[in-house]
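Residue numbers (the working numbering), protein chains in the order written: chain P, 22 to 418; chain L, 69 to 381. Note that CB positions come from ideal geometry on N, CA and C, so glycine has one too.
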Ligand SMILES: [Zn+2]
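Quick look at the structure:
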């Protein structure tokens, strides 16, 4: 059971993140079309060959998003999927696309995640998500049992996880800070990264303002405008392309709660089972991995992923981080394009940059940040507050 | 935008009603004994809908927390630093809350906690916060802040006595036998001349039109015993909360029809208060009361269920 590894990522686009967007705002439908054009151009595939799409929710079309996209871009599809797994959506989209290709539902699938600002309508409406990822709709458990206590947005949930972790395993703030520092080292080799040319030290991280104990400002992603997309194709089509195909060899997915309050055990994250399945499906060992791209909305996410994905024992994450160099030059390359912590978080597209980070390394296109002989990579996607997890194993051969 | 308060649903209202009275009630599954939070229509362990409410002490331990130095949302700026907690109740379930009446440096994961029932600015919502169980750890930190004291409550018509009516049922009342003659008189009166109600040659005999269900019940209340607004408040199975607003308006009636009602049938009716909600407009508050009436025949078979909305204002 599982993927045969007959579908590959064959092209991608990664828009340069911007704190203050320079271009005109585009609707998410318009952004989708733009990302599709650029990703197909990168792959060298004609638009007429596209017969599958995977999308996150489309702002302008709460319903019938995939059909609206097909109509707008003039596509005829055999596979259309809307995905709602927060930051795990991109990794989730990639394995769904690979599965659809292996099943013969589609030959070429585009997974695009717009992350740019939307034009404001002439008559502004109230914000559709006034409490962000927490639903304030009548009848939503969050509206009734979490929002009234101020338990909204992401910081407090991750901070609660970090404090629970600290009470069980201890907490070395320097190790957590080093994750951000090593990724910044990689960002300094990536001119597209928001914090390119701005190296930081552990002391800088620990001196940045405390936002929600024990998380400092420099341990939290900065939201930026952007967008990212990948194109997948089957063995036959991928074989006729110039770039090295990046095969999707394994995946795992896990989710069981929305608000961390209701997690059975906050310290046993869904990453563990998702990673176990992905690694078993691909038939690889941890030693085979040449790089990892770990969803890094917060430093604590990376630390707990390293443990739960099996790179070190539970409670050993801090020691692991201090003993290894996580930069693209190091012995354990992690988030080699700078990570979202240093590249900027492009909204729902954030997770796609991890897929592209690994793809770029395996294709050998990472320039100054290229990891030597990169054939096998592990990618994680993390949605909500460590609540939705998807893991991919990508391979070049 | 106002600070968000919980808006109960029919399934969760017993929880909030209990909280309004300073009691914490949790649901327990009758099939597998799981005690859980938040309230649901089914058990999250086995999906059984057979659930009981159980009052608990509200004591527990601190599972985890954070102190938010920046507001988690602009509407919570007045609560910074927010001591956002996950509390594990002694019965097992975890819940979202905040810590009050203690100093930051005394917060320890695993510390024993006791419930604090805190009335909100709207005057009717109660939230469940927690303070140290150890009285020596309690402080008056909240009073020191001054600004943290809740503003004076707006007056609400939803008193605990009114809210206690949600879910309450009236006495089951049996009417008198339905006759073909009464169906005929009713149909002529409402100008519904459908042969199904009137033509005695209809195969299976005549039946009654849907709206007839409320007819074969005695109205034996003398006029001088009616309440000031002309309605019979507590009478023969009728149940209505003691809302202090003066006027009542008809807010709609829905009927769901399950089987035919025929001459010779004897109906039994039971009312249940489904929901009581307050809405505020420029002209003052309105209270919407939704009452469900279930009609069964002499065989105990369900004939119809009506939901009546009455607006008090
Ligand atoms: Zn159960």
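Cβ-heavy atom distance, residue i to ligand 1, below 7 Å
i, result
"residue 285 of chain P", "no"
"residue 109 of chain L", "no"
"residue 60 of chain P", "no"
"residue 109 of chain P", "no"
"residue 102 of chain L", "yes"
"residue 113 of chain L", "yes"
"residue 79 of chain L", "no"
"residue 97 of chain L", "yes"
"residue 156 of chain P", "no"
"residue 116 of chain L", "yes"
Same chain, Cβ closer than 6 Å to residue i, neighbours up to 5 away in sequence not counted
i, result
"residue 353 of chain P", "345 and 347"
"residue 333 of chain L", "246 and 365"
"residue 317 of chain L", "379"
"residue 32 of chain P", "60, 63, 64 and 252"
"residue 154 of chain L", "131, 132 and 162"
"residue 102 of chain L", "111 and 113"
"residue 174 of chain P", "153"
"residue 212 of chain L", "A caution first: residue 212 of chain L carries a pLDDT of 48, below 50, which makes its placement in the model unreliable, though a value can still be read off. Nothing listed; no residue qualifies."
"residue 256 of chain P", "27"
"residue 187 of chain L", "194"
"residue 401 of chain P", "315, 316, 326 and 412"
Beta-carbon contacts of residue i that lie in its chain and below 7 Å, excluding the five residues immediately before and after
i, result
"residue 241 of chain P", "176, 232 and 319"
"residue 447 of chain P", "This structure leaves residue 447 of chain P out entirely; chain P is present only between 22 and 418."
"residue 228 of chain L", "88 and 89"
"residue 127 of chain P", "72, 73, 99, 100 and 121"
Boundaries (first-last residue) of the beta strand (DSSP E) holding residue i
i, result
"residue 195 of chain P", "Residue 195 of chain P -> not in any beta strand (DSSP E); alpha helix (DSSP H) instead, spanning 194–208."
"residue 132 of chain P", "129–136"
"residue 34 of chain P", "28–35"
"residue 268 of chain P", "267–276"
"residue 248 of chain P", "247–255"
"residue 93 of chain L", "92–97"
"residue 374 of chain L", "370–380"
"residue 410 of chain P", "409–416"
Chain-order list of residues whose beta-carbon lies under 8 Å from that of residue i (same chain, five-residue window excluded)
i, result
"residue 336 of chain P", "189, 190, 191 and 328"
"residue 185 of chain P", "287 and 288"
"residue 392 of chain P", "311, 312, 349, 354, 357 and 382"
"residue 82 of chain L", "93, 107, 121, 234 and 235"
"residue 258 of chain P", "31, 66, 70, 128 and 129"
"residue 366 of chain P", "242, 243, 244, 245 and 318"
Alpha helix (DSSP H) segment containing residue i, residue limits
i, result
"residue 384 of chain P", "371–384"
"residue 353 of chain L", "That residue, residue 353 of chain L, is in no alpha helix (DSSP H); its beta strand (DSSP E) goes 352–364."
"residue 318 of chain L", "No alpha helix (DSSP H) contains residue 318 of chain L, which is instead part of the beta strand (DSSP E) from 316–325."
"residue 180 of chain P", "176–190"
"residue 322 of chain P", "320–329"
"residue 105 of chain L", "No alpha helix (DSSP H) holds residue 105 of chain L; DSSP gives it neither H nor E."
"residue 335 of chain L", "Here residue 335 of chain L belongs to no alpha helix (DSSP H), and DSSP marks it neither H nor E."
"residue 300 of chain P", "292–303"
"residue 211 of chain P", "Where residue 211 of chain P is concerned, there is no enclosing alpha helix (DSSP H), given that its DSSP letter is neither H nor E."
"residue 343 of chain P", "338–344"
Distance cut-off 7 Å: residue i Cβ against heavy atoms of ligand 3
i, result
"residue 232 of chain P", "No copy of ligand 3 occurs in the structure displayed; its ligands are ligand 1 alone."
Inter-stretch contact at 8 Å, needing at least 3 Cβ pairs: the stretch 405–412 of chain P / the stretch 108–117 of chain P: Contact between the stretch 405–412 of chain P and the stretch 108–117 of chain P is present, with at least three C-beta pairs closer than 8 Å.
Residue ranges of each beta strand (DSSP E) within the stretch 113–194 of chain L, 3 or longer: DSSP runs (the beta strand (DSSP E)) wholly in the stretch 113–194 of chain L: 119–124, 128–136, 150–157, 162–166 and 180–187.
Contact the stretch 110–125 of chain P vs the stretch 373–384 of chain P: 3+ CB pairs below 8 Å: Cβ pair count under 8 Å is three or more, so yes.
The stretch 181–189 of chain L / the stretch 117–135 of chain L touching (three or more Cβ pairs under 8 Å): Contact between the stretch 181–189 of chain L and the stretch 117–135 of chain L is present, because at least three Cβ pairs lie under 8 Å.
Sufficient close CB pairs (3 or more, under 8 Å) joining the stretch 319–328 of chain L to the stretch 366–375 of chain L: Yes, the stretch 319–328 of chain L is in contact with the stretch 366–375 of chain L.
The stretch 54–74 of chain P contacting the stretch 265–275 of chain P, beta-carbon criterion three pairs below 8 Å: Below 8 Å, too few C-beta pairs join the stretch 54–74 of chain P and the stretch 265–275 of chain P to call them touching: fewer than three.
Three CB pairs or more closer than 8 Å across the stretch 299–314 of chain L and the stretch 233–242 of chain L: Judged by Cβ distances under 8 Å, the stretch 299–314 of chain L makes contact with the stretch 233–242 of chain L, as three or more pairs qualify.
Stretch pair the stretch 220–227 of chain P + the stretch 31–50 of chain P: three plus CB contacts closer than 8 Å: Under the three-pair Cβ rule at 8 Å, the stretch 220–227 of chain P does not count as touching the stretch 31–50 of chain P.
Residue ranges of each alpha helix (DSSP H) within the stretch 36–75 of chain P, 4 or longer: 49–64, all fully within the stretch 36–75 of chain P.
Segment contact flag, the stretch 26–43 of chain P with the stretch 247–263 of chain P, C-beta cutoff 8 Å, min 3 pairs: Taking a cut-off of 8 Å on C-beta distances, the stretch 26–43 of chain P touches the stretch 247–263 of chain P, as three or more cross pairs fall below it.
Contact the stretch 271–280 of chain L vs the stretch 183–197 of chain L: 3+ CB pairs below 8 Å: For the pair of segments examined, the stretch 271–280 of chain L was found not to touch the stretch 183–197 of chain L: the number of CB pairs separated by less than 8 Å stays below three.
Cβ pair count under 8 Å reaching 3, the stretch 358–366 of chain P against the stretch 206–222 of chain P: Short answer: they touch.
Given 8 Å, three or more beta-carbon pairs between the stretch 162–179 of chain P and the stretch 136–150 of chain L: The stretch 162–179 of chain P and the stretch 136–150 of chain L touch, with no fewer than 3 CB-CB distances between them shorter than 8 Å.
Touch test, the stretch 69–87 of chain P against the stretch 156–163 of chain P, Cβ-Cβ under 8 Å, three pairs minimum: Contact between the stretch 69–87 of chain P and the stretch 156–163 of chain P is absent, because fewer than three Cβ pairs lie under 8 Å.
Uninterrupted beta strand (DSSP E) stretches inside the stretch 106–173 of chain P (no shorter than 3 residues): For the stretch 106–173 of chain P, whole beta strand (DSSP E) runs of length 3 or above, ordered along the chain, are 129–136.
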